[in-house]
Amino acid sequence: MSDLRQRFMSETEDTNNLAVLVTAVMLPTGAIEIITNSFRLDEKIKYIREAYDDEFKLKANPAVKIVGYMLV
Numbered sequence: 000m001s002d003l004r005q006r007f008m009s010e011t012e013d014t015n016n017l018a019v020l021v022t023a024v025m026l027p028t029g030a031i032e033i034i035t036n037s038f039r040l041d042e043k044i045k046y047i048r049e050a051y052d053d054e055f056k057l058k059a060n061p062a063v064k065i066v067g068y069m070l071v
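According to numbering that gives the first Met the number 0, the sequence shown holds residues 0 to 71 in order.
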């Protein structure tokens, strides 16, 4: 498991005090997309935990990868 994924899994065990989740996602083109979520964070975190593999690559398209995140 990548260090980034391991840290994400640890830091998102409890979502009660989170207000914002920002993720940096590398697309197949090499561009990095910044996504900000501030609503239904528990659902978004559950999605990320299930949809991305241990290297933080999207299971449905491994060319898509989370390369960073920030919790606020």
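Don't be surprised by glycine CBs; every beta carbon is placed ideally from N, CA and C.
Do the segment 25-32 and the segment 58-69 touch if we need at least three Cβ pairs shorter than 8 angstroms? yes
Is ASP53 closer than 7 angstroms to ARG4 when the C-beta atoms are compared? As a first step, residue 4 is located in the sequence shown; it is residue number 5 there, counting from the start. As a first step, residue 53 is located in the sequence shown; it is residue number 54 there, counting from the start. In this structure, ASP53 lies closer than 7 angstroms to ARG4 by Cβ.
Buried or exposed by the 16-neighbour rule on C-beta atoms within 10 Å, applied to THR35: If you number the sequence shown from 1, residue 35 lands on position 36. Per the 10 Å Cβ criterion, exposed.
Starting from GLU32 and walking both ways along the alpha helix (DSSP H), at which residues does that stretch end? Within the sequence shown, residue 32 is the residue found at index 33, counting from 1. Where GLU32 is concerned, there is no enclosing alpha helix (DSSP H), although the beta strand (DSSP E) it sits in stretches over 31-36.
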